[in-house]
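Read in UniProt numbering, the sequence shown has 29 at position 29, and its numbers run on one by one without any break.
For glycine and all other residues, C-beta sits at the position ideal for the given N, C-alpha and C.
Reviewing the structure listed below.
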Amino acid sequence: MEIARLRSLQEKASDEAAERDALRAKRAQEEAERQFRRKELEAARKLAAEKEEMNRERLTQAENKKRLLAMEVSRERAEFERILRKAGIPEKYLLQVERKCGFKA
Numbered sequence: 001m002e003i004a005r006l007r008s009l010q011e012k013a014s015d016e017a018a019e020r021d022a023l024r025a026k027r028a029q030e031e032a033e034r035q036f037r038r039k040e041l042e043a044a045r046k047l048a049a050e051k052e053e054m055n056r057e058r059l060t061q062a063e064n065k066k067r068l069l070a071m072e073v074s075r076e077r078a079e080f081e082r083i084l085r086k087a088g089i090p091e092k093y094l095l096q097v098e099r100k101c102g103f104k105a
């Protein structure tokens, strides 16, 4: 009788220890999963920030290119007008040439 009671207590203690171990393992697994998801989220945010920065840089580069092209067109037009005036071409012909070449009169 005493042996059966002690065996029962020992089994109960063993079962409780097994439950605690299982709970500890479950919590550790859940924590590992949370850390994994957190790292994935951080990586996704970092990638999104990098893409956004690249898009901003691409837009800035395109704006700079457009501005430089406009400056070059302006210089070429000024040079064109200077050459035509130096050649003594009347203003009305200059306007016609500008229209044919696509310049705004």
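Report yes if the CB atom of L94 is closer than 8 Å to the CB atom of E79, and no otherwise. no
Just the Cα atoms here: how many angstroms apart are R38 and L9? 43 Å
Nearest-angstrom Cα separation, counted from K66 out to C101: About 20 Å.
Write down every uninterrupted run of the alpha helix (DSSP H) in the UniProt domain "Trichohyalin-plectin-homology" (2-87) whose length is 4 residues or greater and which is fully enclosed by it, in chain order. 2-86
Where R24 and A32 are concerned, what is the direct C-alpha to C-alpha distance, given to the nearest angstrom? 12 Å
How big is the Cα-Cα spacing for D21 and R27? 10 Å
Just the C-alpha distance for K12 and E42, rounded to the nearest angstrom, thanks. Taking the straight line joining both Cα atoms gives about 45 Å.
Tell me the rounded alpha-carbon separation between E50 and F36. About 21 Å.
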